[in-house]
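Novice:
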Amino acid sequence: MTADRLDGEYEPSANAMTRDQVELYERTDGREGATMAGHPVVVLTVRGARSGKLRKVALMRIERDGVYAVGASAGGQDRHPSWFHNLVAHPTVQLQDGPERRLMTARVAEGAERESWAEYTEQLYPFFAEYRRQALENGNREIPMVLLEP
Numbered sequence: 011m012t013a014d015r016l017d018g019e020y021e022p023s024a025n026a027m028t029r030d031q032v033e034l035y036e037r038t039d040g041r042e043g044a045t046m047a048g049h050p051v052v053v054l055t056v057r058g059a060r061s062g063k064l065r066k067v068a069l070m071r072i073e074r075d076g077v078y079a080v081g082a083s084a085g086g087q088d089r090h091p092s093w094f095h096n097l098v099a100h101p102t103v104q105l106q107d108g109p110e111r112r113l114m115t116a117r118v119a120e121g122a123e124r125e126s127w128a129e130y131t132e133q134l135y136p137f138f139a140e141y142r143r144q145a146l147e148n149g150n151r152e153i154p155m156v157l158l159e160p
């Protein structure tokens, strides 16, 4: 690990859309590939829980007072996204927001803190409320809110 990056072997996503967006975002320091469905994104790098390889994903940008959050919504599916399991296993992650890369520590918010971040996310991205509803309906699943702190 360097001061601002995770070191290791990178395994690009099997999903072409994810792989291409991450590559474009990183190559241009976020000048291109910085939105998804018209909303700003960050690139999160996590270490694979089993493989130990680096995995990257573009996620909606949620930031408040220097703390970032990511919602493990998987679009309201009945299961958590794979990146969630990876960061729980390896909580040191790399966040890229535009040209700035930094190492962060991930932790799952609980109780009132989780609800506060979920409500804030709904203010930024109203569709997140539907993801929350679908996750409960499809799999009786609360969407984890993961805080990324320096």
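Residues in the sequence shown are numbered consecutively from 11, following the working numbering.
Beta carbons: idealized from backbone N, C-alpha and C, even for Gly.
Since the model is a prediction, treat every value here as computed from it, not as a measurement.
Determine which residues share a DSSP beta bridge with P50 and list them.
Specialist: DSSP output for P50 lists T45 as bridge partner(s).
Novice: Can you tell me which of G86, S61, E73 and L97 puts its alpha carbon nearest to the alpha carbon of V67?
Specialist: When only C-alpha atoms are compared, the closest one is L97.
Novice: So for Y35, helix, strand or coil by DSSP?
Specialist: The answer is helix: DSSP assigns Y35 an H, G or I state.
Novice: If you draw a straight line from the C-alpha of D107 to the C-alpha of T38, how long is it?
Specialist: The alpha-carbon atoms of D107 and T38 are separated by roughly 12 angstroms.
Novice: Here's the rule: buried if 16 or more other CB atoms are within 10 angstroms of the residue's CB, otherwise exposed. What is Q133?
Specialist: By the neighbour-count rule (16 or more Cβ atoms within 10 Å), Q133 is not buried but exposed.
Novice: Between which two residues does the beta strand (DSSP E) harbouring G81 extend?
Specialist: V77 to G81 is the extent of the beta strand (DSSP E) around G81.
Novice: Enumerate in chain order the residues of its own chain whose CB-to-CB distance from R74 is below 7 angstroms, with the five nearest sequence positions on each side excluded.
Specialist: Around R74: Y130.
Novice: Using three-state DSSP, classify D30 as helix, strand or coil.
Specialist: Looking at D30 - three-state DSSP - the assignment turns out to be helix.
Novice: So R71 and P50 are in contact, right, with Cβ under 8 angstroms, and what is the actual spacing, rounded?
Specialist: Rounded, the Cβ-Cβ distance is 4 angstroms, consistent with contact.
Novice: Mapping DSSP to helix, strand and coil, what is A139?
Specialist: Helix, per DSSP.
Novice: Within 10 Å of its beta-carbon, does T55 have 16 or more other beta-carbons around it, so buried, or fewer, so exposed?
Specialist: Counting Cβ neighbours within 10 Å, T55 comes out buried, since at least 16 surround it.
Novice: Going by the CB atoms, is the gap between R15 and R89 shorter than 7 angstroms?
Specialist: Cβ atoms of R89 and R15: not closer than 7 angstroms.
Novice: Let me know the secondary structure DSSP gives R117 once reduced to three states.
Specialist: In this structure, R117 counts as strand in the three-state DSSP scheme.
Novice: Only counting the same chain, and skipping five residues up and downstream in sequence, which positions put a Cβ closer than 6 angstroms to that of V156?
Specialist: Closer than 6 angstroms at the Cβ level, and outside the excluded window around V156, lie V80, A116 and V118.
Novice: If we count the other Cβ atoms within 10 Å of its Cβ and call it buried at 16 or more, is A145 buried or exposed?
Specialist: Buried, because 16 or more other Cβ atoms sit within 10 Å of the Cβ of A145.
Novice: Using the Cα positions of A44 and Y35, report the straight-line distance between them to the nearest angstrom.
Specialist: Their backbone Cα atoms lie some 6 angstroms apart in a straight line.
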